[in-house]
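Residue numbers (this note's numbering), protein chains in the order written: chain A, 2 to 114; chain B, 7 to 120.
Right, one structure below, let's go through it.
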Amino acid sequence: DAGVIQSPRHEVTEMGQEVTLRCKPISGHNSLFWYRQTMMRGLELLIYFNNNVPIDDSGMPEDRFSAKMPNASFSTLKIQPSEPRDSAVYFCASSARGGYGYTFGSGTRLTVV
Amino acid sequence: AQSVTQPDIHITVSEGASLELRCNYSYGATPYLFWYVQSPGQGLQLLLKYFSGDTLVQGIKGFEAEFKRSQSSFNLRKPSVHWSDAAEYFCAVGAGGGADGLTFGKGTHLIIQP
Chain A
2 DAGVIQSPRH
12 EVTEMGQEVT
22 LRCKPISGHN
32 SLFWYRQTMM
42 RGLELLIYFN
52 NNVPIDDSGM
62 PEDRFSAKMP
72 NASFSTLKIQ
82 PSEPRDSAVY
92 FCASSARGGY
102 GYTFGSGTRL
112 TVV
Chain B
7 AQSVTQPDIH
17 ITVSEGASLE
27 LRCNYSYGAT
37 PYLFWYVQSP
47 GQGLQLLLKY
57 FSGDTLVQGI
67 KGFEAEFKRS
77 QSSFNLRKPS
87 VHWSDAAEYF
97 CAVGAGGGAD
107 GLTFGKGTHL
117 IIQP
């Protein structure tokens, strides 16, 4: 299995631009999680899906952030418009039903200038 | 609300010496506890997990952790560290095995001295 695949690995964009981060979970996993990692705040859960349905998006910082999971093999996290304070590493993780430990992707390092 | 505290931001250990990384949690019910390791530029890798049963759990790479309910702790240990163990270590707690998301500590940065 290729693991959780995230793209792009690095993204540099200008303030005000739309940014889309992509994630392919492990086949057969039915839970998907988006986390953000910064030096100041550590790892924060943004949103998670069970069986492609968003369950809890209370961690999404603002309306500028949105996430979708149109099918079991693909999810996106979109920021529109992006701001410099959104600069962080964004991780996607997936797990089988019941959790019991996730598998993380390698992350997308986002820099907004 | 659940929370995790890792009191040590940085720890320096000589290669071959023993290691203990501290983790304290706050959780209202029986916790599901995890330790993850993150190498620079990489994602997080699961080292070990505790759900129930034996309070001493074994993980990968020679790591173990002990759950102590009375102290609300889940400390990570290794008898002899290797230079390749230098990384960031995260403790996490969650309900239902993490099915509703995990709460992570801020991490401990492990430095290995030759």
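C-beta atoms are modelled at their ideal positions from N, C-alpha and C, and glycine is treated no differently.
Cβ shell of residue i (< 6 Å), same chain only, five flanking positions each side left out
i, result
"S164 (chain A)", "Any property of residue 164 (chain A) remains undetermined from this structure, which presents chain A solely from 2 to 114."
"K79 (chain A)", "T21 and S67"
"K55 (chain B)", "F40"
"G22 (chain B)", "S86"
"Y36 (chain A)", "L44, L46 and F92"
"F57 (chain B)", "Y38"
Below-8 Å beta-carbon distance, residue i vs any chain E residue
i, result
"L52 (chain B)", "Note that chain E does not occur in the displayed structure, where the protein chains are A and B."
Spatial distance of residue i from residue j (CA atoms)
i, j, result
"S76 (chain B)", "T61 (chain B)", "12 Å"
"I15 (chain B)", "V114 (chain A)", "29 Å"
"N72 (chain A)", "G65 (chain B)", "33 Å"
"V90 (chain A)", "S107 (chain A)", "9 Å"
"K84 (chain B)", "G111 (chain B)", "19 Å"
"F96 (chain B)", "Q48 (chain B)", "13 Å"
"R28 (chain B)", "F80 (chain B)", "7 Å"
"Q81 (chain A)", "D64 (chain A)", "9 Å"
"Q18 (chain A)", "I48 (chain A)", "22 Å"
"L50 (chain B)", "V54 (chain A)", "24 Å"
"T18 (chain B)", "A94 (chain A)", "30 Å"
"R98 (chain A)", "S20 (chain B)", "40 Å"
Pair within 8 Å by beta-carbon distance, residue i and residue j
i, j, result
"F69 (chain B)", "L52 (chain B)", "no"
"T104 (chain A)", "E12 (chain A)", "no"
"E94 (chain B)", "Q44 (chain B)", "yes"
"L46 (chain A)", "G60 (chain A)", "yes"
"I118 (chain B)", "V87 (chain B)", "yes"
"G107 (chain B)", "D57 (chain A)", "yes"
"R23 (chain A)", "Q38 (chain A)", "no"
"V99 (chain B)", "P46 (chain B)", "no"
"P85 (chain A)", "M41 (chain A)", "no"
For residue j and residue i, believed in contact at Cβ under 8 Å, the rounded distance
i, j, result
"Q8 (chain B)", "S32 (chain B)", "6 Å"
"V10 (chain B)", "T109 (chain B)", "6 Å"
"K25 (chain A)", "S88 (chain A)", "So it is not a contact: roughly 24 Å between Cβ atoms."
"N30 (chain B)", "S90 (chain B)", "The pair is not a contact, with the Cβ atoms about 27 Å apart (cut-off 8 Å)."
Contact set for residue i: own chain, Cβ-Cβ below 8 Å, skip 5 residues either direction
i, result
"G4 (chain A)", "I27, T104 and G106"
"T14 (chain A)", "V20, S83, L111, T112, V113 and V114"
"R10 (chain A)", "S107, G108, T109 and R110"
"A35 (chain B)", "A101"
Neighbourhood of residue i by C-beta, 7 Å cutoff - its chain only, sequence neighbours within 5 removed
i, result
"T77 (chain A)", "T21, L22, R23, A68 and K69"
Segments assigned beta strand (DSSP E), at least 3 residues, entirely inside the stretch 20-98 of chain A: Runs found: 20-25, 32-39, 43-51, 54-57, 66-72, 75-80 and 89-96.
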